[in-house]
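Here is the structure we will look at, set down as C-alpha cells.
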Amino acid sequence: MLLNSLKNISINAAKWNFIANFGSYVISFFLSIVLARLLEPYEFGLTGMLSIFTALAIVFINAGLSTALIRLKEANAGDYTTVFYFNIIVSVVIYILFYFFAPLIADFYNEPILINLTRLISLVFLINSFGIIQNTILIKELLFKKQAICYLAGLGFSTIISIVMAFNGYGVYSIVGQAISQAIVTNIAFWIISDWRPLGWVSKKSFKKLWGFGSKILFTNLISQLVDNIDNILIGKIFSVNTLGFYVRAKSSKIIPEQVFTNVLQATVFPILSKVNDDDVAFRNYHLKFYNIAAYVIFPIVAGFMAIAKGFTIVLFTEKWLPSVPLLQIIVLSSISYFLGALFNQTIMAKGQGSLFLKLNVLKKIVGLVSIPVGLLYGLIPFLWALVIISIVNLCLDFYFTGKLLKISMYQYANKMILPFLLSIIMGAGVFSLEFCSIENKYLLLFLQLVFGVIIYSGLSALFRLDEFLYLKEIVLQKINKIHLKK
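Counting from 1, position 427 in the sequence shown corresponds to residue 427 in the working numbering; the numbering is continuous, with no gaps.
As C-alpha cells, then:
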C-alpha cells in the first residue's frame, strides 16, 4: 500500500517538477538565444568570472540547513524560523563582504567593470534569502505545482526585463538585471502562495539539531563549488575574457538540459527515498528504479547533443559562436557523471549518511584538482578532456561507495548502462550522418536530426524491449487515456 501510494506521489511530483523545470528550460533557453545574438563573448566572459564567488555565496547562505529540514520528518515552527533568520543574517554579511571586496575581484581578473557587476549581483543573495524557507516547505510537502507557479512567474517577468535592457544597449547589465528581477518576483510569489510566516526568533536547540547534518552538506558543497568552478577561474585568468565567453556559452548549452532533468531527479528522489529510509528493501528498489531510468535518459541526450552541436550553435546563436562547438562536444560528456552523480548524492543524503556524503564528495573533488596542472601546462582542450576523464573516475567512486551502502555491486550498475550506451552511440552516429546529406537548409537539417534521433532511440528501445522504455511508455499512455476520459 505504501509503495503504491509513494509511486503515485512520485509520479505526480515528478510531473509538476518537470513542468516547472521544462518551462524554465524553454524560457531560459529563449533568453540565452536572444542574449547570445545581442551580446558579445566578452560580456558572457565577464559573468563567467563571477561564477565562483556567486556559487560560494549561495552555499554559505543556505549552509545545508534547507536540506536538513527536508530530511527531518517532524520539523517544527522553531526549526523553520531558525533557518529563516539564519539565512537572512548570513546573506547580509555576505553582501557586505562582496561590496567591499569587489575591487579585489576586479584586480584579480584585471577587469574594472567587475566592481559594479559584483556589487549588483550580490543583491540576489540578499533577496533570495527571504524565500528559501517557503521554497523548502513546498519541496518537503511535494507541492511542486505551487513551486512551478512561483519560478515561472519570476523567470517570465525577468526575461522580458533582460531582453528590453539588451535591446537598449545595456550589455552585460542585462544579464544582471535578469537575475535581480527574477529574485524579486519569485520571492514575492513565494510569500503570496505560502501561508508560512516566521514565529519567534532563532532557536539554539533547533540550530544544533539541523547543523549536525547541514554542516556536512555545507562543507561538501563548498568544496564541490570550488572545484566545479575552477574551470572558469583558470580560463578567465590564464586565457582571455573572450575565450571564457565561448566556454561559458558551451557550458550554458550543456547545463540547461542537464539541470532540467537533474532538478526533476533531485526534487523527486530525495523526498521519496526519505519516506522509505527505514525500509532497506524498498529503499534499494526505489534507488535502482531511479538509476535505471536516469541511465536510460542521459546517454541519448549526451550522444545527440554531440551530434548536433554545430548545427545547434549556428541555428540558435549564429556563426559568431562557432568557436564554442568543439568545447561543447567535449564537456557534454561529463553530463553523464553529473546527472547520475546527483542521483547518488540524493540517495546517500536520504539514507542519512552525511559523513559518507562528505567523504565521497571530498574525495571526488580532490581527484578533480588533477585537472589544474593539465590546464596550466597543456592548454584549454587537454584541460577539458582531463575534466571528462575525471568525471568518469568520479562516477566509479559513486558506484563503489553507494553500492557498498546498499549492497549493490559495481557490475550491477555498469551492466544497466551498457545497452543505453550502445543504443545511444548508434543513434548519435545516425544523427551525425545526416550532416553529410545535401540538405542546404540548416533549420530543416537540425529538425530532421532531432526527429531522426528520437525515432532511432525509441525504435531500438522497443526492439530490445528495454524495461525503462516500457515503463515510461506505460506512464505516457496512462496520461493520454486520462485526458481522453476527461473529454
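The C-beta atom is built at its ideal place from N, Cα and C for all residues, glycine as well. Keep in mind it's a predicted model, so treat the numbers as computed, not measured.
Would residue i be called buried (16 or more neighbouring beta carbons within 10 Å of its own) or exposed?
i	result
K479	exposed
T318	exposed
Q412	exposed
D107	exposed
G177	buried
M1	For M1, the predicted structure reports a pLDDT of 48, less than 50, and the residue's modelled location is therefore unreliable. A value from the coordinates is still provided. Classification for M1: exposed.
V332	buried
E258	buried
N415	exposed
D467	exposed
D278	exposed
V431	buried
N481	exposed
W321	buried
L384	buried
S371	buried
F100	exposed
R71	buried
L117	buried
R197	exposed
A462	exposed
Using the three-state DSSP reduction, which class does residue i fall into: helix, strand or coil?
i	result
K15	helix
W211	helix
W385	helix
F108	helix
A75	coil
P323	helix
L56	helix
K289	helix
F464	coil
T268	helix
I180	helix
C437	coil
F246	helix
K251	helix
V281	helix
Q353	coil
D195	coil
M1	With a pLDDT of 48 at M1, under the threshold of 50, the predicted position of this residue should be treated as unreliable, though the coordinate-derived value follows. Note: M1 maps to coil in three-state DSSP.
T570	Outside the shown range of the chain, which is 1 to 487, sits residue 570, and nothing can be said about it.
L369	coil
T186	helix
N168	coil
I331	helix
N394	helix
Please identify the residue among the options whose C-alpha is closest to the C-alpha of residue i.
i	options	result
L218	G403, S66, A462	S66
D280	I348, L419, G200, S337	I348
L387	D231, L477, I163, Q225	D231
L167	I133, V34, I94, T262	Note on identity: in this sequence residue 167 is Phe, with Leu being the wrong assignment. Checking every option, the nearest Cα to that of F167 belongs to V34.
I330	V367, L244, I381	I381
T220	L397, I390, L56, I418	L56
I127	I188, N76, S174	I188
G45	Y173, G78, Y25	Y173
Y338	K404, S391, I233, E474	S391
I389	I255, I308, V367, I408	V367
G304	I293, K145, N277, S335	S335
D195	L138, I233, L50	L138
N17	L155, I184, I149, L472	I149
K140	G156, L114, Y80, I105	Y80
F29	K216, S252, S203	S252
S91	T47, I161, L123, L72	L123
I88	R119, D398, I132	I132
L358	L397, L328, G379, K15	L397
T47	V185, V93, R197, V241	V241
L152	L143, Y247, V26	V26
F270	A350, S24, P103	A350
V325	F401, T136, K254, K209	K254
L343	Y378, T402, F464	T402
A183	F299, N394, L405, I121	I121
Measuring only between beta-carbons, confirm whether residue i sits less than 8 Å from chain B.
i	result
Y173	Checking the listed chains, one finds no chain B in this structure; it contains a single protein chain.
Legend entry - Segments assigned beta strand (DSSP E), at least 3 residues, entirely inside the segment 85-166: For the segment 85-166, not a single whole beta strand (DSSP E) run of length 3 or above is found.
Inset, instruction - Return the chain-ordered ranges of every alpha helix (DSSP H) run that is complete within the segment 30-54 and spans a minimum of 4 residues. - result: Entirely contained in the segment 30-54, the alpha helix (DSSP H) runs reaching 4 residues are, in chain order, 41-49.
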